[in-house]
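>
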Amino acid sequence: MDITVRHDLWNRDLAFALPLPARWNTHVLAMGGDGKGLLTQSDFRKAVQPLAPLIKGKKEICILFDDLSRPTRTYEILPSLLELFQQCGIRDEQVRFICALGTHAPLDNRAFRKKLGDEVMERFPVYNHNPYENCESIGRTKQGTPVIVNKEYLSCDLKVGIGAFIPHSFCGFGGGYKIVMPAVSHIDAIEYHHGTLLKKYWDACYGIGKYQNNPLLEDIKECGRTAGLDAVVNVMINTGAFATDVYAGNPDGLYGEMAERAAQHYRTPTDKKADIVIANAYGKASEAVIALSLAEEFLKDGGGDAVILCDIEEGQVVHYLLGRFGKNTWGRLAFGERKKSGKTKRVHIYSRRRDLANECWFGKKEDLLWHKNLEDMIGYLDDQYRGREVDVLVIPDGTIQMI
0 MDITVRHDLW NRDLAFALPL PARWNTHVLA MGGDGKGLLT QSDFRKAVQP LAPLIKGKKE
60 ICILFDDLSR PTRTYEILPS LLELFQQCGI RDEQVRFICA LGTHAPLDNR AFRKKLGDEV
120 MERFPVYNHN PYENCESIGR TKQGTPVIVN KEYLSCDLKV GIGAFIPHSF CGFGGGYKIV
180 MPAVSHIDAI EYHHGTLLKK YWDACYGIGK YQNNPLLEDI KECGRTAGLD AVVNVMINTG
240 AFATDVYAGN PDGLYGEMAE RAAQHYRTPT DKKADIVIAN AYGKASEAVI ALSLAEEFLK
300 DGGGDAVILC DIEEGQVVHY LLGRFGKNTW GRLAFGERKK SGKTKRVHIY SRRRDLANEC
360 WFGKKEDLLW HKNLEDMIGY LDDQYRGREV DVLVIPDGTI QMI
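Read in numbering that gives the first Met the number 0, the sequence shown has 95 at position 96, and its numbers run on one by one without any break.
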């Protein structure tokens, strides 16, 4: 049985077939929003048009965009926005782009071109956010989070964020004001928000898609308002990372417009459990542990095998706050090696590029099996279940789907 999934978004961006044995009882867990039509350039032009009054007369413009750890195809959104700038009398020299990467590693010119397209790189200056320097303190939130934000961003009189409205582990959904906190904030501010506040409100916040009565989300909104984010252009995407819905306007309006829809859009309704769960990591492949966490939810109570498809050349994201930087050296808020779920017998990772320094995201070394060959991995799994029926679930993109 061949099931096709998309893979390696920012490099090969290919669709490949999983050659699963015919004897396996296999089901694909489709996402609610996968049946929607895709947005066109006409749709984007119509969506951004209401921003015109906000743009006219502005002197300095900052466009924030997310990094390659997020699936936003920013290069598809920008033509309509830049066209609107021209219509509003904005010159290229008034515009700069800042990669809102939080505490992730900076991007280089090649990576910028993947995200923004060649034309943007030839016309506009594109900068990385630096979470350690060149930030300015402008206050604190009610919860005590320091609002310390990128100075270049603050110097502009029009600030626009572009991103994807996708499920997040402790603020409901990414996008919106998250393009400011944590994305262009100082590491001390992020440490307080992601550390002190998350620990305080863990039960209310932690869990994919928990956006209602979420104190961390409200704190993010307050940070963004204080920092003067004027507008966002956010998309919802399918498991091919193509935009199906778009919102352009005041960031506060985004949540009422999209949150409830997004909860259904990314939902993966099923009551099935499996011996083997194969979770493809596509949209947020450099944060593939998200796919592992979802896969474990679908394992039978008696235990089973979680399989992560993550064959990307960049590996897992460099995360200065949560990552590992030596045998016993970690970021400020690192969790350490991931603890294995009680239902997980083994974790299998398909990647031709093993990464020993970053396998801590997936678990302890002794709990992980790396596979360089897809067919060999499937054959190995088939042997493990030889002589018995085996139930298998395939998740097209475990990094954005939710239960």
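Each residue gets a CB set at the ideal place from its N, CA and C atoms; glycine is no exception. Treat the numbers as computed from the prediction; the structure is a model and nothing was measured.
Between which residues of its own chain and Q93 is the CB-CB distance below 7 Å, once the five residues before and five after are set aside?
Result list for Q93: K58, E59 and I60, in chain order.
> Name the two residues that bound the continuous alpha helix (DSSP H) containing C204.
Element bounds for C204: W201 to C204.
> Does DSSP put V183 in a helix, a strand or coil?
In this structure, V183 counts as coil in the three-state DSSP scheme.
> I'd like to confirm the pairing. Which residues does DSSP put opposite F297 in its beta bridges?
According to DSSP, F297 bridges with nothing at all.
> Report all residues from its chain with a CB closer than 8 Å to the CB of P374; omit the five preceding and five following residues, and keep chain order.
Correcting the residue identity first, residue 374 is Glu in this sequence and not Pro. Closer than 8 Å at Cβ, skipping near neighbours: P18.
> Between I377 and L28, is the Cβ-Cβ spacing less than 8 Å?
No, these two residues do not count as a Cβ contact at 8 Å.
> Would you kindly check if the distance between the Cβ of I219 and the Cβ of C410 is under 8 Å?
In this structure the chain extends from 0 to 402, so residue 410 is not present and cannot be described.
> Since F164 sits in a beta bridge, which residues does DSSP pair it with?
Partner(s): none; F164 has no beta bridge.
> Who are G171's beta bridge partners in DSSP?
BP columns for G171 point to H167.
> Less than 8 Å separating the beta-carbons of Y404 and I137?
What the structure shows of the chain is the stretch from 0 to 402, and residue 404 is not part of that stretch, so it cannot be assessed.
> Hey, K55 and C98: beta-carbon distance below 8 Å or not?
For K55 and C98, no; Cβs fall outside 8 Å.
> If you compare alpha carbons, which of N129, L53 and R44 is closest to I89?
Closest by alpha carbon: L53.
> Let me make sure I understand the geometry here. Which of R345, F84, K283 and Y74 has the alpha-carbon closest to that of G301?
Measuring from the Cα of G301, the nearest candidate turns out to be R345.
> What runs of the beta strand (DSSP E), each 3 residues or longer, lie entirely inside the region 336-401?
If we require 3 residues or more, the beta strand (DSSP E) runs fully inside the region 336-401 come out as 343-349, 367-370 and 390-394.
> Could you tell me which residues DSSP puts in a beta bridge with W329?
Per DSSP, R323.
> Buried or exposed, going by whether 16 or more other CB atoms sit within 10 Å of the CB of N213?
Label assigned to N213: buried.
> Taking C-beta to C-beta, are R337 and D310 nearer than 8 Å?
No, Cβ-Cβ distance for R337 and D310 is not below 8 Å.
> Please return the same chain residues whose Cβ sits closer than 8 Å to the Cβ of L197, not counting the five positions on each side in sequence.
Result list for L197: F169, C204, Y205 and L215, in chain order.
> What first and last residue would you give for the beta strand (DSSP E) that runs through M235?
Looking at the DSSP string, the run of the beta strand (DSSP E) that includes M235 is A230 to I236.
> Using a 10 Å radius around the Cβ and a threshold of 16 neighbouring Cβ atoms, would you call T140 buried or exposed?
Counting Cβ neighbours within 10 Å, T140 comes out buried, since at least 16 surround it.
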